Amino acid sequence: MATVPRAIKVKAPAPSTGSGQALSQRTREGRGTQRITAPASEPGRFGVYGGRYVPETLMAALEELEREYERAKRDPKFQERLDDLLRNYAGRPTPLSFARRLTQKLGGAKIYLKREDLLHTGAHKINNCLGQALLVERMGKRRVIAETGAGQHGVATATVCALLGFECVVYMGTEDMRRQELNVFRMRLLGAEVRGVESGSRTLKDAINEAMRDWVTNVRTTHYLLGSVLGAHPYPTMVRDFHRVISREARAQILKAEGKLPTAVIACVGGGSNAIGVFYEFIKDKKVRLIGVEAGGRGEALGEHAARFRGGSPGVLQGTYSYVLQDSAGQIANTHSVSAGLDYPSIGPEHAALRDAGRAEYVPASDAEALEATTLLARTEGIIPALESAHAVAEVVKRAPKMKKSDVVIVNISGRGDKDIGIMRENLKLD
Amino acid sequence: MPLSFYKKPALVVYVTCGDPDLATTRAVVLAAIEAGADVIELGVPFSDPVADGPVIQRASERALKHGTSLAQVLTLAAEVRQHAQSTGLIVFSYLNPILRMSMEKFCRVARHAGVDGVLVTDLPVEEAGEYLRAMKENNLAPVFLAAPTSPDARLKRIAAASRGFIYAVSRTGVTGARQKLAEDAQKLVKRLRRVTKLPIALGFGISNAEQFAEVGKFADAVVVGSAIVETIEKNRGCEAAAVGEFVRELLAVSSQPSAKTL
């Protein structure tokens, strides 16, 4: 069991006198205000998780981003502009569709689908990209970099950069470029430069490493538009806030449609941005079960899946303290999933806190289950989900039949499946 | 402890441990010390070295291929200490391998191995409370990075938390050799001098005798990392001899200030 780093953060600039001992004593004296006593009582910390673990070169940029984000949050003009873009450019609000035939077929709980797949660029990712892009404008930066796994975040980033006239570089593992060819072309069509990353497993984690190296080099002119609730503070909080709109809408929509809150909300979890978005406004509704679905991949051995809560333990990866798939020496493990958006070896720190607190539960769905769920949703509802979202559908397939007809479940369809048609063709035998 | 720099500029040599294997690392380190290195940074290979350029990335991959671990690096440190009493020994690591071992155990084992200080690349002062306490308990020097982008307020906090020396990063960017030293470097050292009396070592991008001598004019010590690792990479089978030769070249120019080739 790794030692949990204490959630110590010294807010005020340190006095110039003293030594390491002085810093240590100061934080100890400040226990009441500076140490975590309850989950999320301190910016950037979710229980013991989160924090800011990056090379010193990036610290000033993270502080600047945090300040700018705090200012923007309180600025009605920023909110107005973002709301306008979400509505008139991205296509919000998204519908909450009753899945009549899927409900009948499974014969249990009533199933609703939150349709983030209907957004511009085809996934929830655009919510966060629009928000961060407006911050980039406020900070006066002109160059944006991003990482992408499935390519959805890369496409959304390329889109907002085209919209606002920024230079855009997207890092993508070459294995993911192969799997998500269509999205690579889309990004290039939108004017972005896609840089292939050959290191490690050549997937999302390696793309983030390379994006961080670019950022550490060009930090003065460049914004890193991180695409999930990962990385150093303020990213997990900020990205969550930009996706909260999903649950804000879904909560009002279900109350209108059913006159009550749902029994459960289900979403897939890679880094965890769509899941935190659709969970967040329900966290206070204690009776609503929140269920995150991780990539169960093709087996239970380390390297065969991306189920951080099944095979992982707390650690630090790429700026944040959370559950990490790692070996006994603290080296990060390889992962596998049929879905390029879920195969990340760590998980957003707020999910780790929700899980430890027992507020949300996390279960795996295998590659095969996700593929089967894809076909089922396509044929019962006429919706081809992204393979990521299909993991959430796979969980409702298992769960709904065991629930009462009076139960109501919301499944977040975080993206559409067009980008995955190639993988589906390789893996699905259709007669 | 042997972390004070007697001669100026002092030479800090970085190696990625376990590249190509631990026995070679040991021989390389001893050769570097023999040739005049003052401080050795024992780099712990990590699967996701976000602060490192391609040279150290490749070295880390080679070292991890046969499972080089933090525990093994600490054993190596103890062996080196037996042969070199007066050389400074720093463990240079990313945070996760240390957390996995546990901060307490790591510091305890490092002290027993004869390590003088530790630099954790992705641990800024804000997150270092527990670390500083464990380091203090074990009489180890926490060395922090200072960057050209760090505002003065941060430099103060870094200076307050550091012991032994401060590692000034010469430029924004990852590790790796550069043709030219950034102007950033000298400015940063100047700003640091205003907030600390600790020695300042400058690193990132310094790869030859001329740069070493140039940096020596304004910094107390010079860190050479990627250039050493590249020397190891390019001299399969005679790594120690090649590194020894390289270190002597680095030191030759600065020891003859009148004959500088600037």
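The listed protein sequences correspond, in order, to chains A and B.
Positions 104 to 534 (this note's numbering) are the ones given, in order, by the first sequence.
Positions 894 to 1155 (this note's numbering) are the ones given, in order, by the second sequence.
Positions of the beta carbon are idealized from the N, C-alpha and C atoms, including for glycine.
Quick caveat, the model's predicted, so the values are computed rather than measured.
Counting only beta-carbon separations shorter than 7 Å, does residue i have a partner in chain A?
{"i": "residue 940 of chain B", "result": "yes"}
{"i": "residue 1066 of chain B", "result": "yes"}
{"i": "residue 913 of chain B", "result": "no"}
{"i": "residue 1191 of chain B", "result": "Past the boundaries of the shown model lies residue 1191 of chain B; chain B is included only from 894 to 1155, so the question cannot be answered."}
{"i": "residue 1031 of chain B", "result": "no"}
{"i": "residue 1020 of chain B", "result": "yes"}
{"i": "residue 962 of chain B", "result": "yes"}
{"i": "residue 1043 of chain B", "result": "yes"}
{"i": "residue 894 of chain B", "result": "Model confidence at residue 894 of chain B stands at a pLDDT of 49, short of 50, so the residue's coordinates are unreliable and nothing is read from them."}
{"i": "residue 1101 of chain B", "result": "no"}
{"i": "residue 993 of chain B", "result": "yes"}
{"i": "residue 990 of chain B", "result": "yes"}
{"i": "residue 944 of chain B", "result": "yes"}
Measure the C-alpha to C-alpha separation of residue i and residue j and round it to an integer number of angstroms.
{"i": "residue 983 of chain B", "j": "residue 957 of chain B", "result": "20 Å"}
{"i": "residue 1023 of chain B", "j": "residue 995 of chain B", "result": "11 Å"}
{"i": "residue 1102 of chain B", "j": "residue 1135 of chain B", "result": "15 Å"}
{"i": "residue 246 of chain A", "j": "residue 226 of chain A", "result": "23 Å"}
{"i": "residue 283 of chain A", "j": "residue 145 of chain A", "result": "38 Å"}
{"i": "residue 535 of chain A", "j": "residue 1079 of chain B", "result": "The first residue shown for chain A is 104 and the last is 534, placing residue 535 of chain A beyond what the model contains."}
{"i": "residue 128 of chain A", "j": "residue 154 of chain A", "result": "A caution first: residue 128 of chain A carries a pLDDT of 31, below 50, which makes its placement in the model too unreliable to give a value."}
{"i": "residue 330 of chain A", "j": "residue 339 of chain A", "result": "10 Å"}
{"i": "residue 254 of chain A", "j": "residue 462 of chain A", "result": "30 Å"}
{"i": "residue 437 of chain A", "j": "residue 407 of chain A", "result": "8 Å"}
{"i": "residue 1096 of chain B", "j": "residue 237 of chain A", "result": "36 Å"}
{"i": "residue 531 of chain A", "j": "residue 470 of chain A", "result": "11 Å"}
{"i": "residue 1083 of chain B", "j": "residue 1090 of chain B", "result": "12 Å"}
{"i": "residue 179 of chain A", "j": "residue 249 of chain A", "result": "27 Å"}
{"i": "residue 412 of chain A", "j": "residue 228 of chain A", "result": "24 Å"}
{"i": "residue 136 of chain A", "j": "residue 1026 of chain B", "result": "Reliability of the predicted coordinates at residue 136 of chain A is poor, the pLDDT of 30 falling under 50, and no value is obtained from them."}
{"i": "residue 877 of chain B", "j": "residue 1132 of chain B", "result": "In the structure as shown, chain B starts at 894 and stops at 1155, and residue 877 of chain B therefore has no counterpart that could be examined."}
{"i": "residue 261 of chain A", "j": "residue 291 of chain A", "result": "8 Å"}
{"i": "residue 515 of chain A", "j": "residue 444 of chain A", "result": "15 Å"}
{"i": "residue 432 of chain A", "j": "residue 484 of chain A", "result": "47 Å"}
{"i": "residue 390 of chain A", "j": "residue 512 of chain A", "result": "12 Å"}
{"i": "residue 937 of chain B", "j": "residue 954 of chain B", "result": "11 Å"}
{"i": "residue 459 of chain A", "j": "residue 1074 of chain B", "result": "48 Å"}
{"i": "residue 269 of chain A", "j": "residue 286 of chain A", "result": "19 Å"}
{"i": "residue 1059 of chain B", "j": "residue 161 of chain A", "result": "17 Å"}
{"i": "residue 346 of chain A", "j": "residue 271 of chain A", "result": "22 Å"}
{"i": "residue 909 of chain B", "j": "residue 985 of chain B", "result": "9 Å"}
{"i": "residue 901 of chain B", "j": "residue 1105 of chain B", "result": "11 Å"}
{"i": "residue 181 of chain A", "j": "residue 175 of chain A", "result": "6 Å"}
{"i": "residue 1016 of chain B", "j": "residue 1128 of chain B", "result": "33 Å"}
Below 8 Å on the Cβ atoms is my guess for residue i versus residue j; work out the distance and round it to an integer in Å.
{"i": "residue 184 of chain A", "j": "residue 197 of chain A", "result": "No, residue 184 of chain A and residue 197 of chain A are not in contact; Cβ-Cβ is about 20 Å, not under 8 Å."}
{"i": "residue 1094 of chain B", "j": "residue 1112 of chain B", "result": "7 Å"}
{"i": "residue 449 of chain A", "j": "residue 427 of chain A", "result": "5 Å"}
{"i": "residue 362 of chain A", "j": "residue 421 of chain A", "result": "So it is not a contact: roughly 43 Å between Cβ atoms."}
{"i": "residue 1035 of chain B", "j": "residue 1062 of chain B", "result": "Not a contact, Cβ separation roughly 16 Å."}
{"i": "residue 425 of chain A", "j": "residue 152 of chain A", "result": "5 Å"}
{"i": "residue 1068 of chain B", "j": "residue 946 of chain B", "result": "5 Å"}
{"i": "residue 258 of chain A", "j": "residue 297 of chain A", "result": "About 10 Å; that fails the 8 Å criterion."}
{"i": "residue 429 of chain A", "j": "residue 416 of chain A", "result": "7 Å"}
{"i": "residue 543 of chain A", "j": "residue 501 of chain A", "result": "Nothing can be reported for residue 543 of chain A: it is not among the residues displayed for chain A, which extend from 104 to 534."}
{"i": "residue 367 of chain A", "j": "residue 378 of chain A", "result": "No, residue 367 of chain A and residue 378 of chain A are not in contact; Cβ-Cβ is about 13 Å, not under 8 Å."}
Per DSSP, residue i forms a beta bridge with which residues?
{"i": "residue 985 of chain B", "result": "B:936, B:1012"}
{"i": "residue 907 of chain B", "result": "B:934"}
{"i": "residue 398 of chain A", "result": "A:409, A:468"}
{"i": "residue 855 of chain B", "result": "Nothing in the structure corresponds to residue 855 of chain B, since chain B is present only between 894 and 1155."}
{"i": "residue 518 of chain A", "result": "A:226"}
Does residue i come within less than 7 Å of chain B when only Cβ atoms are used?
{"i": "residue 330 of chain A", "result": "no"}
{"i": "residue 158 of chain A", "result": "yes"}
{"i": "residue 245 of chain A", "result": "no"}
{"i": "residue 154 of chain A", "result": "yes"}
{"i": "residue 418 of chain A", "result": "yes"}
{"i": "residue 174 of chain A", "result": "no"}
{"i": "residue 435 of chain A", "result": "yes"}
{"i": "residue 151 of chain A", "result": "no"}
Complete runs of the beta strand (DSSP E) confined to the region 166–201 of chain A [at least 3 residues]: Counting only runs of at least 3 residues, the region 166–201 of chain A fully encloses the following beta strand (DSSP E) elements, listed from N- to C-terminal order: 199–201.
Length at least 4, wholly inside the region 1048–1096 of chain B: the alpha helix (DSSP H) runs in chain order: Complete alpha helix (DSSP H) runs here, min 4: 1076–1086.
Completely contained alpha helix (DSSP H) runs for the region 409–479 of chain A, where each covers 4 or more residues: Within the region 409–479 of chain A, the complete alpha helix (DSSP H) segments of 4 residues or longer fall at 411–414, 452–459, listed in chain order.
Ranges of the beta strand (DSSP E) found wholly within the region 298–370 of chain A, counting only runs of at least 3: The qualifying runs are 325–327.
Start-end ranges of the alpha helix (DSSP H) lying completely within the region 207–279 of chain A, minimum 4 residues: 228–242, 255–267, all fully within the region 207–279 of chain A.
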